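*Asks:* To start, I am sharing the structure in question, which I have written as structure tokens.
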Amino acid sequence: MSSEQMTKIDNFWLNMDQPDNLMMITFVLEFDEVLDFGRLSDTIEERWCSFNRFRETVKRTAFGPPIWNMDINFDIRSHLHRIALPEPGDKATLQEMISDLTSVPLDPTKPLWQVYLIENFGKGCVLFWKIHHCIADGMALTHALLGTTDKDPDGLHPAIKFEKKGEKKIEKKAGISSFSLQKLKDIGKNITSVATVIGKKVFLKPDSQTVLKGKIGIRKCVAWSEPLSLKELKSVCKDAEVTLNDMLVTALTGSLREYLKKRKNNVLDINLRVMMPVNIRKPGLESELGNKFGIVSLDLPVNIEDRILRLKEVKRRNDDIKGSPEAFLSFHALSAVGIASNNIIKKAANFFANKGSAVLSNVPGPRESIYLAGKKIKNMMFWVPRTGNVGMGISILSYDGKVTLGLATDESLVSDPETILECFGEELKSMVQVLKNQIQYVKEESDKNSISFFNSINENIIKVSKLSSLGIKSISLETLAKKYTNDHSKFIEINGTNVHYCDEGTGPTLLLLHGIMSSLHTWNEWVKELSPYYRLVRLDLPGFGLTGPFTSQNYSRDTYMDFLHQFIERLNLKKIAIAGNSVGGYIAWNYAVLNPEKITKLILIDSVGYPQDVPNIINFLEFPGMGKLASFMTPRIFIDRNVRGVYGDKSKVTDSLIDQYFEMIMRPGNRKAYVEIFHLLKSECTSDKLCSGVTEVKSPTLIMWGKEDRWVPVDVVKRWEQDLQLSKTIIYDGVGHMPMEEIPLQTAHDAHSFLKCN
Numbered sequence: 216m217s218s219e220q221m222t223k224i225d226n227f228w229l230n231m232d233q234p235d236n237l238m239m240i241t242f243v244l245e246f247d248e249v250l251d252f253g254r255l256s257d258t259i260e261e262r263w264c265s266f267n268r269f270r271e272t273v274k275r276t277a278f279g280p281p282i283w284n285m286d287i288n289f290d291i292r293s294h295l296h297r298i299a300l301p302e303p304g305d306k307a308t309l310q311e312m313i314s315d316l317t318s319v320p321l322d323p324t325k326p327l328w329q330v331y332l333i334e335n336f337g338k339g340c341v342l343f344w345k346i347h348h349c350i351a352d353g354m355a356l357t358h359a360l361l362g363t364t365d366k367d368p369d370g371l372h373p374a375i376k377f378e379k380k381g382e383k384k385i386e387k388k389a390g391i392s393s394f395s396l397q398k399l400k401d402i403g404k405n406i407t408s409v410a411t412v413i414g415k416k417v418f419l420k421p422d423s424q425t426v427l428k429g430k431i432g433i434r435k436c437v438a439w440s441e442p443l444s445l446k447e448l449k450s451v452c453k454d455a456e457v458t459l460n461d462m463l464v465t466a467l468t469g470s471l472r473e474y475l476k477k478r479k480n481n482v483l484d485i486n487l488r489v490m491m492p493v494n495i496r497k498p499g500l501e502s503e504l505g506n507k508f509g510i511v512s513l514d515l516p517v518n519i520e521d522r523i524l525r526l527k528e529v530k531r532r533n534d535d536i537k538g539s540p541e542a543f544l545s546f547h548a549l550s551a552v553g554i555a556s557n558n559i560i561k562k563a564a565n566f567f568a569n570k571g572s573a574v575l576s577n578v579p580g581p582r583e584s585i586y587l588a589g590k591k592i593k594n595m596m597f598w599v600p601r602t603g604n605v606g607m608g609i610s611i612l613s614y615d616g617k618v619t620l621g622l623a624t625d626e627s628l629v630s631d632p633e634t635i636l637e638c639f640g641e642e643l644k645s646m647v648q649v650l651k652n653q654i655q656y657v658k659e660e661s662d663k664n665s666i667s668f669f670n671s672i673n674e675n676i677i678k679v680s681k682l683s684s685l686g687i688k689s690i691s692l693e694t695l696a697k698k699y700t701n702d703h704s705k706f707i708e709i710n711g712t713n714v715h716y717c718d719e720g721t722g723p724t725l726l727l728l729h730g731i732m733s734s735l736h737t738w739n740e741w742v743k744e745l746s747p748y749y750r751l752v753r754l755d756l757p758g759f760g761l762t763g764p765f766t767s768q769n770y771s772r773d774t775y776m777d778f779l780h781q782f783i784e785r786l787n788l789k790k791i792a793i794a795g796n797s798v799g800g801y802i803a804w805n806y807a808v809l810n811p812e813k814i815t816k817l818i819l820i821d822s823v824g825y826p827q828d829v830p831n832i833i834n835f836l837e838f839p840g841m842g843k844l845a846s847f848m849t850p851r852i853f854i855d856r857n858v859r860g861v862y863g864d865k866s867k868v869t870d871s872l873i874d875q876y877f878e879m880i881m882r883p884g885n886r887k888a889y890v891e892i893f894h895l896l897k898s899e900c901t902s903d904k905l906c907s908g909v910t911e912v913k914s915p916t917l918i919m920w921g922k923e924d925r926w927v928p929v930d931v932v933k934r935w936e937q938d939l940q941l942s943k944t945i946i947y948d949g950v951g952h953m954p955m956e957e958i959p960l961q962t963a964h965d966a967h968s969f970l971k972c973n
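So, in structure tokens, the structure goes:
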């Protein structure tokens, strides 16, 4: 009887087995037809069991790793079982049965695998496979499983052994390639990167405590989505220059974000980390059993609400992982631990595993339909095991032009994985639409015929010399930057957006947020007056000024909250006061609600906050075709009238001021952004949800208001005073919507008096 010593890495996974986290890799194959049990049995014994490992048992030894021993009593009937799904035989019943089977450990006296033919699943059946992780990793087992299949329904019955079908190979994991031989050689030459990776693993802080983490139990929940078509996804990914893996991981991140929000987790402050297995085999060795993978960590940006920004950040993080020695080093680290005692192995594994909330594996399967025992496989899914107190396994598998998301969760933590699956489908659908809109927008912006289109409307009236006053031709960022930046101007990239800001003065920090259609220049006079006393940080919010638009054209409250949070963190601003005008005030008080520990004082200047009638300019853009037209043509006279309309004293509106507002709106992308923001304000300004959270503002607040404000009427001041616990109000006679711009010296003095007062 032959025997073979188990490798250290396989021994590691053997010893990680524990009642509340069984080390089993599982597969589900769905069929629309009923399989012939006899043919299935012959096929599995002839092809699957052509690997000796599936006929061997594990014998533990007093010293050293266990031994693989051939099972002289091997009988396929001990491993292949035929059971029936209870009525009504639907997917929910199937998922419950598989959850039950997943929670049952394998018999250690027999080879460590089992297959269940589950009948009465609609008009078809299901094959459920479970194999101990010590036999092989998911890559090798998927390859072995595919070796039992055929490319057509007329495959021989079942005479062809696996070795003769060796051409069936699984592709590399999407998005994360195998660790190349050259990079292995380079490790010794780059000690710094190796040390960095080791340090990252050892000193990596645990991710945030959420409903996904906690003490786990025995009972597991298993669920998987309906297959989603890849055709449109691939097309959009190609146009957007991202990988399919980037797209899928971003949709997953969004679905987890929505789930955490439903479970009352504050997603803005959460860091959600997943551990991902990465194949490190040499190409061509996929059929070798055993574990040949390392583990890398990926932080999912669940704090980012904007889908395009989230996609860019996921792509950036995935790109950082590619080529890193992290997977290779983790493989050898686990191998080294594998020779230790069972207790030490578990402690070491738990130390690293508990730094994350889930295990994520993304595997591309066959691109075309395949058959097992003469029947077409309708869909397939797999799950990898978790270690320590990690309670969620996430699997993404593509097959036959479709992709499926699978979840294996601990019932005590996530008893409703279907909720996440539903969110995933919605996220993927929304992302496709957003990307298609963005791609279309880029094409429209770059269309050289757009100007000629408008010229053709009035070609006998409009002269080229007048195009600038009509607001047809954009003004380049380079040209605007030369005119509207100063020695204090800086640019910082946040999630793909190049943000223009100024940082000047010394003292306590005061963050200044401008209003709609404005820019950081609205605070010019305040800066002159207050810079001797404060560190003044002002910025062009995305959609305005030199910063320009969010690429997604999504300007929701969550998007701005996420952006501002990252801006403040990047500048390392600790305790700050915030002054905000109009929409800037709305952003300011919402940020204060979410981050009360950071805000010392709040100044709200004619701030949006309560339901109201929208200004005429917004109603005007709601007329059919006006929004589209305004995205490409914005006459200077239109800006002139609206700026004068928000001033109480119109004599203070100068030509240079109109030029500033007009030229800022002519920055590429800004006109489109204004239209999108106006559409959003139209839908939200009449909703009671607009003021949700006002009563939670805890910071001392100064309310400054122009009595002649036609955009946000002074009547709402009473509501502010009723809802804010610590507030002071100043109303300025004869002043409109922007007091800090119309009467800068008076408002700066009042702000200083408020800020310096204890």
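Counting from 1 along the sequence shown, just add 215 to a position and that's the residue number in the numbering used here. Using N, Cα and C, we set each Cβ at its ideal position, and we do this for glycine too. Quantities reported herein were computed from a predicted structural model and do not represent experimental measurements.
Rounded to a whole number of angstroms, what is the C-alpha to C-alpha distance between K530 and G760?
*Replies:* 27 Å
*Asks:* Please report the residue range of the alpha helix (DSSP H) in which W228 lies.
*Replies:* Start and end: 223-230.
*Asks:* Could you tell me how far apart the beta carbons of M491 and L575 are, in whole angstroms, since I believe they sit closer than 8 Å?
*Replies:* In this structure, M491 and L575 form a Cβ contact; the two beta carbons are roughly 5 Å apart against a cut-off of 8 Å.
*Asks:* For the segment 230-284, which segments carrying the alpha helix (DSSP H) assignment without a break, of at least 4 residues, lie completely within its bounds, in sequence order?
*Replies:* 252-262
*Asks:* May I have the straight-line CA-CA distance separating K453 from D286, to the nearest angstrom?
*Replies:* Roughly 51 Å between the two C-alpha positions.
*Asks:* Does the Cβ of L941 have 16 or more other Cβ atoms within 10 Å, making it buried, or fewer, making it exposed?
*Replies:* Of the residues assessed, L941 falls on the exposed side of the cut-off, its CB having fewer than 16 other CB atoms within 10 angstroms.
*Asks:* By how many angstroms is the C-alpha of G571 removed from the C-alpha of E311?
*Replies:* 26 Å
*Asks:* Within its chain, find whatever has a CB closer than 6 Å to the CB of A573; leave out the 5 residues flanking it on each side and keep chain order.
*Replies:* V489, M607, I609
*Asks:* Assuming A455 is part of the alpha helix (DSSP H), what are its boundary residues?
*Replies:* 446-455
*Asks:* Determine the DSSP secondary structure at W935, reduced to helix, strand or coil.
*Replies:* helix
*Asks:* Please list, in chain order, all residues of the same chain as I814 whose beta carbon is under 6 Å from its beta carbon, the five residues on each side excluded.
*Replies:* Taking I814 as the centre and dropping the five residues before and after it, the same chain places the C-beta of A807, S914 closer than 6 Å to its C-beta, in chain order.
*Asks:* Applying the criterion that 16 or more other CB atoms from any shown protein chain within 10 Å of the CB defines a buried residue, is E447 buried or exposed?
*Replies:* exposed
*Asks:* Write down every uninterrupted run of the beta strand (DSSP E) in the segment 609-661 whose length is 3 residues or greater and which is fully enclosed by it, in chain order.
*Replies:* Runs found: 617-625.
*Asks:* Are the beta-carbon atoms belonging to S613 and G580 less than 9 Å from one another?
*Replies:* yes
*Asks:* Per the DSSP calculation, M595 is bridged to which residue(s)?
*Replies:* L244.
*Asks:* Using DSSP with H/G/I as helix, E/B as strand and the rest coil, what is H952?
*Replies:* coil
*Asks:* Cutting at 6 Å between CB atoms, please list the residues of its own chain near R478, excluding the five before and the five after it.
*Replies:* V426
*Asks:* At the level of alpha carbons, what is the spacing between L809 and F782?
*Replies:* 15 Å
*Asks:* Can you check which of these residues, N335, K345, H296, is closest to S318 by C-alpha distance?
*Replies:* Nearest to S318 by C-alpha distance, out of N335, K345, H296, is K345.
*Asks:* Helix, strand or coil, according to DSSP, for V489 in the structure here?
*Replies:* strand
*Asks:* Within 10 Å of its beta-carbon, does D401 have 16 or more other beta-carbons around it, so buried, or fewer, so exposed?
*Replies:* Confidence at D401 is low in this model, with a pLDDT of 43, below 50, so the placement of that residue should be treated as unreliable; the coordinate-derived value is given next. D401 should be labelled exposed.
*Asks:* Which residues bound the alpha helix (DSSP H) around D535?
*Replies:* 522-536
*Asks:* Determine the extent of the beta strand (DSSP E) in which L754 is found, giving its start and end residues.
*Replies:* 750-754
*Asks:* Among L483, Q648, P368, M596, which has the Cα closest to the Cα of V451?
*Replies:* Q648
*Asks:* Skipping 5 residues on each side, what residues in its chain have a beta carbon closer than 6 Å to that of L725?
*Replies:* Y749, L751, A792
*Asks:* Taking its Cβ as the centre, do 16 or more other Cβ atoms sit within 10 Å of C972, making it buried, or is it exposed?
*Replies:* exposed
*Asks:* Among all the DSSP beta bridges, which residues are the ones paired with W328?
*Replies:* I346
*Asks:* Taking V330 and H358 to be in contact with their CB atoms under 8 Å, please state how far apart those CB atoms are, rounded to whole angstroms.
*Replies:* Rounded, the Cβ-Cβ distance is 17 Å, inconsistent with contact.
*Asks:* Excluding the 5 residues preceding and the 5 following P234 in the sequence, name in chain order all residues of the same chain whose CB lies nearer than 8 Å to its CB.
*Replies:* Cβ neighbours of P234 beyond the five flanking positions: P320, I433.
*Asks:* Using only the heavy atoms of the ligand ZN, determine whether one of them is closer than 8 Å to the beta carbon of K913.
*Replies:* This structure does not include the ligand ZN; it has no bound ligands of any sort.
*Asks:* What does the Cβ neighbour count give for G840, buried or exposed, with the cut at 16 atoms within 10 Å?
*Replies:* Its pLDDT being 47, under 50, G840 is placed unreliably in this model, and the coordinates cannot settle the point.
*Asks:* If you run the structure through DSSP and keep just helix, strand and coil, what is L351?
*Replies:* Inspection of the sequence shows that residue 351 is occupied by Ala rather than by Leu. Here A351 sits in strand by DSSP.
*Asks:* Given a threshold of 16 other Cβ atoms within 10 Å of its Cβ, counted over all protein chains shown, does N460 qualify as buried or as exposed?
*Replies:* buried
*Asks:* Pick helix, strand or coil for G799, following the three-state DSSP scheme.
*Replies:* helix
*Asks:* Taking contact to mean at least 3 C-beta pairs separated by less than 8 Å, is the segment 865-884 in contact with the segment 710-727?
*Replies:* no
*Asks:* Taking just the CA atoms, how far does N604 sit from L745?
*Replies:* Distance between L745 and N604, taken at the CA atoms: about 53 Å.
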